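Visitor: I'd like to ask you about the structure that follows.
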């Protein structure tokens, strides 16, 4: 699959009815200057998957938290969750997708960490995922080469996006609100909406309850 390139700004995102956006940060969480945190400030209805220990990259434990987040999302979003993941958060998202993709409507995978660096390559799917995904990788990411990232993305059936020389596409990349990334998410949401797949029939009576048992650490990656 050929890779596209990032471009320009975007109007304010409108999330289609029945979908919930969940952000999935990487190791040590995403600090206030990270684009994920900026997006959460722009869109207060979006929710973050919180980890019990941000400094311990345990894929089974992180994937379990993703599972819990998706389950909570389904209480209020009949069509499921769209996961906006970064770095090790991408691996947690993919691990959960391999175990149980129900409730995941789509995923934006930004700068995935190299699973081989964490010894978890065997825990990730090696097949086309049953929901649309967009994988964004830079040409100079120290955590995984673009070539390796695109090789994995091809297995998952992802749309591949060349971000240029943005490093690990994190706070150090100085992306602010990263309008080009928002544009990618907007396109992904349009695709999900056009497919119109109903994942879960919920009555919308429950509200989101975010976990509070999290200790923030730094640095952020």
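In my numbering, the protein residues as written are 54 to 274.
For glycine and all other residues, C-beta sits at the position ideal for the given N, C-alpha and C.
Everything numeric in this text was worked out from a predicted model, so none of it was measured.
#1: What are the residues that DSSP puts in a beta bridge with residue 73?
#2: My understanding is that residue 181 touches residue 156, with C-beta atoms under 8 Å, so please give their C-beta distance in whole angstroms.
#3: Restricting to runs no shorter than 4 residues, where is the alpha helix (DSSP H) found entirely within the region 165-231?
#4: Compute the Euclidean distance between the alpha carbons of residue 233 and residue 173, then round it to the nearest angstrom.
#5: Is there a Cβ of chain C sitting closer than 7 Å to that of residue 241, yes or no?
#6: How would you write the range of the beta strand (DSSP E) that residue 147 sits in, first residue to last?
#7: Determine, using beta carbons only, whether residue 221 and residue 164 come nearer to each other than 7 Å.
#8: Is it the case that the region 102-121 contacts the region 191-204, given that we only count it when at least three CB pairs across the two stretches are under 8 Å?
#9: How many whole angstroms separate the CB atoms of residue 131 and residue 71, which I take to be in contact at a CB cut-off of 8 Å?
Guide: Taking the geometry as given:
#1: 134
#2: About 18 Å; that fails the 8 Å criterion.
#3: 199-209
#4: 30 Å
#5: Protein chains in the displayed structure number just one, and chain C is not present.
#6: Boundaries around residue 147 are those of the alpha helix (DSSP H), 141-152, since no beta strand (DSSP E) includes it.
#7: yes
#8: no
#9: 5 Å
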